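Below is one structure; the comments refer to it alone.
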Amino acid sequence: MPDAPGGLTGDRLARLLPALERLAGARLRVRTGAGDRPPGSALLEPIPEIDGAWLEIGDGAPRKPLPPSASPGVAQELAQIVGAVLSAERDAAQVAAELSERYEEIDLIYTISEILGHTIRLDEAADRILREVSTVVGARRATLLVHDPEAHVLRIVAARGMQPDDLEPIEVDDLCSVAARVFREMRIVSYDPTDPKAVNPGCPEGRNYRGEAFLSVPVLYAAPGARGKPIGVINLTDRVGEDAFTAGDRKLVAAIANQIGAAIENARLVAKDLGQQRVRRELELARDLQLKLLPSPLVLAARVDVAARCRQADSVGGDFYNLLNLRAGRIGVMIGDVTSHGFSAALIMALVMAASGIHAESAETPTEVLRRLEESLTEELANTEMFLTVFYAVVDPQAGRITFGNAGHPHAFLVSARTGEATRLEATRPPLGLATAPGTDTTRPWTRKDAILCLFTDGVAEALGGRGERFGEERVIGHVARLRDRPALEILESVHADLAGFTGGAPPTDDRTVVILKA
Numbered sequence: 103m104p105d106a107p108g109g110l111t112g113d114r115l116a117r118l119l120p121a122l123e124r125l126a127g128a129r130l131r132v133r134t135g136a137g138d139r140p141p142g143s144a145l146l147e148p149i150p151e152i153d154g155a156w157l158e159i160g161d162g163a164p165r166k167p168l169p170p171s172a173s174p175g176v177a178q179e180l181a182q183i184v185g186a187v188l189s190a191e192r193d194a195a196q197v198a199a200e201l202s203e204r205y206e207e208i209d210l211i212y213t214i215s216e217i218l219g220h221t222i223r224l225d226e227a228a229d230r231i232l233r234e235v236s237t238v239v240g241a242r243r244a245t246l247l248v249h250d251p252e253a254h255v256l257r258i259v260a261a262r263g264m265q266p267d268d269l270e271p272i273e274v275d276d277l278c279s280v281a282a283r284v285f286r287e288m289r290i291v292s293y294d295p296t297d298p299k300a301v302n303p304g305c306p307e308g309r310n311y312r313g314e315a316f317l318s319v320p321v322l323y324a325a326p327g328a329r330g331k332p333i334g335v336i337n338l339t340d341r342v343g344e345d346a347f348t349a350g351d352r353k354l355v356a357a358i359a360n361q362i363g364a365a366i367e368n369a370r371l372v373a374k375d376l377g378q379q380r381v382r383r384e385l386e387l388a389r390d391l392q393l394k395l396l397p398s399p400l401v402l403a404a405r406v407d408v409a410a411r412c413r414q415a416d417s418v419g420g421d422f423y424n425l426l427n428l429r430a431g432r433i434g435v436m437i438g439d440v441t442s443h444g445f446s447a448a449l450i451m452a453l454v455m456a457a458s459g460i461h462a463e464s465a466e467t468p469t470e471v472l473r474r475l476e477e478s479l480t481e482e483l484a485n486t487e488m489f490l491t492v493f494y495a496v497v498d499p500q501a502g503r504i505t506f507g508n509a510g511h512p513h514a515f516l517v518s519a520r521t522g523e524a525t526r527l528e529a530t531r532p533p534l535g536l537a538t539a540p541g542t543d544t545t546r547p548w549t550r551k552d553a554i555l556c557l558f559t560d561g562v563a564e565a566l567g568g569r570g571e572r573f574g575e576e577r578v579i580g581h582v583a584r585l586r587d588r589p590a591l592e593i594l595e596s597v598h599a600d601l602a603g604f605t606g607g608a609p610p611t612d613d614r615t616v617v618i619l620k621a
């Protein structure tokens, strides 16, 4: 059989014709020729979809031609079958030819997918991506710019044909920058100087583009189900050969820009996640260090029954307590609450913990300890605009008294182990850093096996329940009074268990600290 029309080999038809001949009872042959119906055949039927092609049915020897009157429509049906086969082979050949012509572009997309699939850092892949893209589309110069949302500029992360360090960031609002315009409008801008009707989209007094023809494509990213957003721009200029970029170049670079957009967003998410992991590790370390500043109740275990616990709202907080062994068998107990939480409050807390031990040893009275603490923290409190409430008491079991200074701390009580009656230990001066005042010491009796010192912070009293009600002081004091004959640790555990149930186990919004000390 001769070649099929259009230069096709007709392999499938060559295999199909013998079967069709057996069904038709006549010889079948495909004939080509320009113009009208070719002469000299018993029966010719035009082949649909193939111009200038005919199906010859029968040649007079040795078989007879098909009688058209005996089998109406058979010739037409055979021609349709042959036409469908030839059309399919023609389409397949055209697709193969187009794939062959676009091999470089397909290979480029695959190569860039490989590059982006093996790195999480865009800067490692950007130079190679630009080199591959500019080579395929024939651009001597190229840049990849990425949006810096904080500075509101486009920063060059890779360049070809120029030094990136020599190029300044581009303001997103720059009206003379083609790249800025492409970013803002999220559409491709190209310029063909060979087109007399083409208008250069740049400003005459704007940036000096060295190449006349250029192609600028937005780098977009769209999360699933979300609208795309611009995150960068690819610029290509100084076309090799013809000084114009084609429609195919625009489609190719747009497809690559979408790949790069996803890679940039992934790189940002990875960097953000790594940064968050680093911050979490640092917060965990800071929390561990801060908790180590708080003394163990065991430091006073030989002298008194004491239990203490601090739970921070953040990884680090502003609540603190201190337990001190003082001279002459005395005991120092301190609790404090910085007006905030987080790193600034943690800094103040650490400074107080460091200074309180020193001042407690050298100062004669609790009020003097508070004054020296405020003096030590003057600069930090002024810079952070914070203040803190502090209660500091010195228990003297031999003298049978407790002497305290209270810098505005509201939750300090003395509870009788015999009756359960609670006495508030009132403030003796303003909070540290709020107003400077000398203050005075206050003394109360401290009877062995009767006195219970109960101290806690706002985070306990003001914790909210499911209906928005506060936990309250009375609830804390109620646990102390009810369990006044039990060890300090059991009282502490009871308060925290009730607090957890009251809040439904929700994370605290403020630091929570409780100290229970029994004579």
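In our numbering, the protein residues as written are 103 to 621. Heads up, the beta-carbon is just placed ideally off N, CA and C, and yes, glycines get one too. On a predicted model such as this, the values are computed, not experimentally measured, just so you know.
Rounded C-alpha distance that separates residue i from residue j
i, j, result
"THR544", "HIS254", "60 angstroms"
"VAL184", "THR245", "53 angstroms"
"LEU387", "LYS394", "11 angstroms"
"THR521", "ARG380", "53 angstroms"
"VAL132", "ILE231", "51 angstroms"
"ALA328", "PRO298", "40 angstroms"
"VAL284", "VAL355", "14 angstroms"
"ILE272", "PHE573", "56 angstroms"
"THR348", "ILE362", "21 angstroms"
"GLY580", "ASP560", "17 angstroms"
"GLY434", "GLY420", "20 angstroms"
"GLU287", "ALA261", "23 angstroms"
"VAL597", "LYS374", "40 angstroms"
"VAL319", "GLU252", "22 angstroms"
"ALA602", "GLU595", "11 angstroms"
"SER446", "THR486", "7 angstroms"
"GLN500", "ALA621", "11 angstroms"
"LEU376", "ARG243", "34 angstroms"
"GLU482", "ARG526", "30 angstroms"
"LEU322", "GLU234", "20 angstroms"
"VAL248", "ASP276", "15 angstroms"
"LEU402", "ASP600", "26 angstroms"
Three-state secondary structure assigned by DSSP to residue i
i, result
"ASP250", "strand"
"GLU273", "strand"
"ALA172", "Because the pLDDT of ALA172 is 40, which lies under 50, any placement of that residue in the model is unreliable, and the question is left without a value."
"ILE620", "The residue you asked about is not Ile; residue 620 is Lys in the sequence shown. Here LYS620 sits in strand by DSSP."
"ASP229", "helix"
"VAL132", "strand"
"GLU158", "strand"
"PRO164", "Model confidence at PRO164 stands at a pLDDT of 47, short of 50, so the residue's coordinates are unreliable; what they give is reported in the following sentence. The answer is coil: DSSP assigns PRO164 none of H, G, I, E or B."
"SER596", "helix"
"PHE573", "coil"
"PRO609", "coil"
"PRO397", "coil"
"ALA403", "coil"
"SER279", "coil"
Residue of the options minimising C-alpha distance to residue i
i, options, result
"ASP407", "ARG117, LYS551, GLU147, SER189", "LYS551"
"VAL440", "THR339, GLN378, THR237, HIS511", "HIS511"
"ALA281", "ASP268, ARG429, ARG257, GLY263", "ARG257"
"SER292", "ALA186, ALA415, ASN337, GLN182", "ASN337"
"THR469", "SER236, TYR494, LEU376", "TYR494"
"GLY541", "PHE506, GLU314, ALA514", "PHE506"
"ALA186", "ASP153, ILE159, GLY160", "ASP153"
"ALA583", "GLY607, ALA346, ALA519", "ALA519"
"ALA315", "ALA324, THR296, LEU322", "THR296"
"GLY607", "ASP250, VAL471, GLY567, LEU585", "GLY567"
"SER464", "ARG289, LEU428, ALA346", "LEU428"
"PRO533", "GLU477, ARG577, LEU247", "GLU477"
"ASP193", "GLN414, HIS513, ARG614, GLU151", "GLU151"
"LEU391", "SER442, MET451, VAL342, ALA410", "MET451"
"THR615", "VAL562, ALA241, LEU472", "VAL562"
"GLU504", "THR480, ALA537, GLY431, GLY438", "In the sequence as presented, Glu is not what sits at residue 504; that position holds Ile. Nearest of THR480, ALA537, GLY431, GLY438 to ILE504, Cα basis: GLY431."
Classification of residue i by the beta-carbon crowding that lies within 10 angstroms, buried from 16 upward
i, result
"ALA116", "exposed"
"GLY570", "exposed"
"GLY535", "buried"
"LYS353", "exposed"
"GLY160", "buried"
"ASN302", "exposed"
"ALA155", "buried"
"SER398", "exposed"
"THR491", "buried"
"ALA539", "exposed"
Which ranges would you report for the alpha helix (DSSP H) in the stretch 450 to 513 if only whole runs of at least 4 residues count? 468 to 478, 480 to 486
Write down every uninterrupted run of the beta strand (DSSP E) in the stretch 299 to 365 whose length is 3 residues or greater and which is fully enclosed by it, in chain order. When DSSP assignments are scanned along the stretch 299 to 365, the uninterrupted stretches of beta strand (DSSP E) that are 3 or more residues long and fall wholly within it turn out to be 316 to 323, 331 to 341.
Where are the beta strand (DSSP E) runs, 3 residues long or more, that stay fully inside the stretch 515 to 541, in chain order? 524 to 526
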